[in-house]
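Working notes, beginning with the structure itself.
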Amino acid sequence: MGVDQDGVRLPRLRPVDVARRAVTFGLLGVVPLMVVTLNIDGHSDREEFLAVFSAVGLFGAFFLVTGAGFWWASAGDIRRLRDWGTVTTQGAALTLAGPLFLRSGLFLLVLGAAAFGLYHLVDAAPYDSWLHG
């Protein structure tokens, strides 16, 4: 991996790569969500947990929009968090915030959507099933 004249590692981040990694981590985060959900006793408690946790998707949407705005505002000068030492002005901190917010937003959006889907599965589960609790 090369370095440019400012000390920033090349190649620079691309939105597709950041999004792919965030969605992958979000999908991996569904596994612990499912384990925690199945360990909650009581049908109404399980539904309440999933309903509240699905609100995480709203935070994800906010972070996603904010990250896209920061990415657009940095005008192609996108840096990784490990390039923190190359930031020389306050405005240059946006070059780090764009990918951070974009990745966090997509991660939370995937987890929120999974919790929303699980909520509907638990809600529609028959009374005697293992999913009903």
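So the mapping is simple: my numbering equals the position in the sequence shown, first residue as 1, plus 2. Using N, Cα and C, we set each Cβ at its ideal position, and we do this for glycine too. As the structure is a computational prediction, the values presented were derived from the model and not from experiment.
Reduced DSSP secondary structure (H/G/I, E/B, other) of residue i
{"i": "R105", "result": "helix"}
{"i": "V33", "result": "helix"}
{"i": "R82", "result": "coil"}
{"i": "Y129", "result": "coil"}
{"i": "G71", "result": "helix"}
Presumed contact (8 Å Cβ cut-off) between residue i and residue j, rounded CB distance
{"i": "L120", "j": "T39", "result": "6 Å"}
{"i": "F103", "j": "F72", "result": "6 Å"}
{"i": "R81", "j": "A24", "result": "Not confirmed; about 17 Å, so no contact."}
Paired residues, beta bridge with residue i - DSSP
{"i": "R11", "result": "V5"}
Cβ shell of residue i (< 7 Å), same chain only, five flanking positions each side left out
{"i": "L29", "result": "V112"}
{"i": "V5", "result": "R11 and L12"}
Close-in-space but distant-in-sequence residues of the same chain around residue i (CB under 8 Å, 5 per side omitted)
{"i": "F64", "result": "G107"}
{"i": "R84", "result": "R11"}
Neighbour-count burial assignment, residue i, 16 or more Cβ in a 10 Å radius
{"i": "P101", "result": "buried"}
{"i": "A116", "result": "buried"}
{"i": "S46", "result": "exposed"}
{"i": "S76", "result": "buried"}
{"i": "E50", "result": "exposed"}
6 Å CB neighbourhood of residue i in its chain, flanking five on each side removed
{"i": "D79", "result": "T97"}
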